[in-house]
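Residue numbers (our numbering): 7 to 64. Positions of the beta carbon are idealized from the N, C-alpha and C atoms, including for glycine. No experiment lies behind these values; they were computed from the predicted model shown. Here's the structure we're looking at; comments come further down.
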Amino acid sequence: CVDTSVKVAFEYGYKLIIPEGAVTTFDGDDIPAETINEFYEDIWENRFADVLDYKNIF
Numbered sequence: 007c008v009d010t011s012v013k014v015a016f017e018y019g020y021k022l023i024i025p026e027g028a029v030t031t032f033d034g035d036d037i038p039a040e041t042i043n044e045f046y047e048d049i050w051e052n053r054f055a056d057v058l059d060y061k062n063i064f
């Protein structure tokens, strides 16, 4: 799970950069995948990682 990997890497002192929109999942019964991805990116941003537009990374 990416969420767990992000949080563990943060605890080990790694500086993380996550390309925005690079994580995928499936639609849930009530929540579309895009909403789930945005939810986690919002949690990671400025707490555990920098979530950046991929065009600014590569």
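For residue i, report the span of its alpha helix (DSSP H) as first-last.
i: D9; result: 8–17
i: I42; result: 39–50
What's the gap between the Cα of residue i and the Cα of residue j?
i: E19; j: T31; result: A small correction: the amino acid at residue 19 is Gly; Glu does not occupy that position in the sequence shown. Each residue's Cα considered, the two are about 26 Å apart.
i: A55; j: I23; result: 6 Å
i: D36; j: V29; result: 19 Å
i: D59; j: G27; result: 8 Å
i: I40; j: P25; result: One detail in the question is off: residue 40 reads as Glu in this sequence, not Ile. Roughly 15 Å separates the two Cα atoms.
i: K61; j: P38; result: 25 Å
i: G34; j: V14; result: 25 Å
Beta-carbon separation of residue i and residue j under 9 Å?
i: D9; j: I49; result: yes
Which first and last residues belong to the beta strand (DSSP E) in which residue i is found?
i: D35; result: Taken as a continuous stretch (DSSP letters only), D35 belongs to no beta strand (DSSP E), as it is neither H nor E.
i: L58; result: 56–58
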